[in-house]
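Note that our numbering gives residue 478 to position 174 of the sequence shown, counting from 1, and the numbers run on in steps of one.
Following: one structure in structure tokens, then a few remarks.
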Amino acid sequence: MGTMPGTASRRPDPTGWRDAIPGDGIAIDAGTGGRRPDGAFRMSAVERRLRAPKSLAWVITVAAVLAGCASPMPNTGNQRVTGGPIVFTHVGHGEPTVVLQSGLGDGRDPWAPVLNALRAEHSVFAYDRPGYGDSTATPPTPRNPCGIATELHGLLQSAGIKPPYVLVGHSIGGLYQYAFSRLYPDEVAGIVLVDATHPLHLRKMQVEVPVMANMLDSMSRRVFRGMMQAEFLQQQDCIDTLWQKPRPDVPVRVLTRTVYSPMETASGFESMVHGLEPNWLPLVGGKEIQPVAGSGHYIQRDKPEVVTKAIEEVVQEARERGHPSAPGAALRSPAGARPAR
């Protein structure tokens, strides 16, 4: 796996994802060292010490799918937005800027292969949300999708990174980028969703697999800590207010995984996710769903070349269209020239 540009090692992860479950003496390591080559988490210690049924292991697996993992990563800058400093990486040049948003529990690390592939010819921005990596954990901003999108907008402004933006989001980060696109449609030049969490994901789970949804909620309160827990518990807040806001007319790619664990398939989780995937298209204006063969939830790690290509296609289309708030105005390529049509 590649590394982000930077100069210093970062302090140990403060998110609490690697903390022990209270009272059980169990540590769940969701970092890269805790994954098998196929991307699944090593849960044997959890199941052995808890003597848990398979259903509990399934809930932990689903929580991991929603959460991702947290890994330390170097940084290149920071800005104080609402609370303490929010750390970010900004490399490259040109327009539009590609803005990467990670899943629940993740810092910038999962985007390293994609960022390194794009940086020579594109302006790319990635950051640690408050509570992850080097970013301070207690901002006053609500941890729902609208609050996080507003926070990101403020960070970009404070850092002097002007629109337009191509928004790229993985897992729940896709939900956050969707919120950004509805709150600031005139600043968005494109959208790329990477196995994104649909706005109705938890609601649909509560209807189709209520027992598992309840267990997941219980586990989220026991396993997640700090800002990660707040993000998980508030992810449905403000969603209903977004339907009424304008949708930007921009190029879109919607990438989805094709690899699921036997447990996810047998439980009906895979079927539920597939049922929601087409519903992304009217929300963001996409034309088709693009399943990525051979990839699990972390498509940017399993198939970084696919994610990179999708981003490059959207950037090129955005440059040809011009800024959505100024039709006909060409966006600048790295050389400052109008892209060939």
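No residue lacks a Cβ here, since even glycine has one placed at the ideal position from N, Cα and C.
Everything numeric in this text was worked out from a predicted model, so none of it was measured.
Inset, instruction - Using only alpha-carbon positions, find the residue among Gly600, Leu506 and Pro449 that is nearest to Arg486. - result: The shortest C-alpha to C-alpha distance from Arg486 to any of Gly600, Leu506 and Pro449 is the one to Pro449.
Legend entry - Gly464 - DSSP class collapsed to helix/strand/coil: Coil at Gly464, not helix or strand.
Inset, instruction - Excluding the 5 residues preceding and the 5 following His394 in the sequence, name in chain order all residues of the same chain whose CB lies nearer than 6 Å to its CB. - result: Closer than 6 Å at the Cβ level, and outside the excluded window around His394, lie Phe429.
Legend entry - Where Thr440 sits in the DSSP three-state scheme: Under the three-state reduction of DSSP output, Thr440 falls in the coil class, being neither helix nor strand.
Inset, instruction - Count the other CB atoms, across all protein chains shown, that sit within 10 Å of the CB of Gly478; report buried if there are 16 or more and exposed otherwise. - result: By the 10 Å Cβ count, Gly478 comes out buried.
Legend entry - Rounded distance between the beta-carbons of Pro555 and Gly494, thought under 8 Å: The beta-carbon separation of Gly494 and Pro555, rounded to 5 Å, stays under the 8 Å limit for a contact.
Inset, instruction - Only counting runs of 3 or more residues, tell me where the beta strand (DSSP E) segments fall wholly within the stretch 548 to 616, in order along the chain. - result: Counting only runs of 3 or more, we get 556 to 561 and 593 to 596.
Inset, instruction - Compute the beta-carbon to beta-carbon distance between Pro489 and Pro552, rounded to the nearest angstrom, for a pair I have assumed lies under 8 Å. - result: Contact flag correct, Cβ pair sits at about 4 Å.
Inset, instruction - Evaluate Lys591 with the Cβ neighbour count: other Cβ atoms within 10 Å of its Cβ, from every protein chain shown; 16 or more gives buried, anything less gives exposed. - result: By the neighbour-count criterion, in which 16 or more other beta carbons inside 10 Å mark a residue as buried, Lys591 falls on the exposed side.
Legend entry - Beta-carbon proximity check, Thr562 vs Pro595, cutoff 7 Å: The answer is yes: Cβ separation under 7 Å.
Legend entry - Length of the line joining the Cα atoms of His578 and Thr612: When rounded, the distance between both Cα atoms is 23 Å.
Inset, instruction - Note down the Cα distance separating Asp521 from Glu425, rounded to an integer number of angstroms. - result: The straight-line gap from Cα to Cα measures roughly 42 Å.
Legend entry - His457 - DSSP class collapsed to helix/strand/coil: The answer is helix: DSSP assigns His457 an H, G or I state.
Inset, instruction - Starting from the C-beta of Asp606, find all residues in its chain whose C-beta is less than 6 Å away, skip the five residues before and the five after it, and write them out in chain order. - result: In its chain, beyond the 5 residues on either side, Ser599 and Gly600 have a beta carbon closer than 6 Å to the beta carbon of Asp606.
Legend entry - Other residues of its chain near Glu568: CB distance less than 6 Å, five sequence neighbours each side excluded: Around Glu568: Glu574.
Inset, instruction - Could you tell me the distance, in whole angstroms, from the CA atom of Asp432 to the CA atom of Gly473? - result: Using only the alpha carbons, I get a separation of about 13 Å.
Inset, instruction - Count the other C-beta atoms from every protein chain shown that fall within 10 angstroms of the C-beta of Val492, then say buried if there are 16 or more, exposed otherwise. - result: Flag for Val492 reads buried.
Legend entry - CA-to-CA distance, Ala517 to Asn420, given in whole angstroms: The alpha-carbon atoms of Asn420 and Ala517 are separated by roughly 37 Å.
Legend entry - Continuous alpha helix (DSSP H) stretch holding Thr545: start and end: In the DSSP annotation of this structure, the continuous segment of the alpha helix (DSSP H) that includes Thr545 starts and ends at Ile543 to Leu546.
Inset, instruction - Would you check whether the ligand NAD has a heavy atom nearer than 6 Å to the C-beta of Tyr431? - result: In the structure shown, the ligand NAD is absent, as is every other ligand, since no ligand is present at all.
Inset, instruction - Just the C-alpha distance for Thr445 and Phe392, rounded to the nearest angstrom, thanks. - result: Approximately 18 Å, taken between the alpha carbons.
Inset, instruction - Let me know the secondary structure DSSP gives Gly626 once reduced to three states. - result: In the structure shown, the three-state DSSP call for Gly626 is coil.
Legend entry - Val418 versus Pro503 - alpha carbon distance: Cα to Cα, Val418 sits roughly 25 Å from Pro503.
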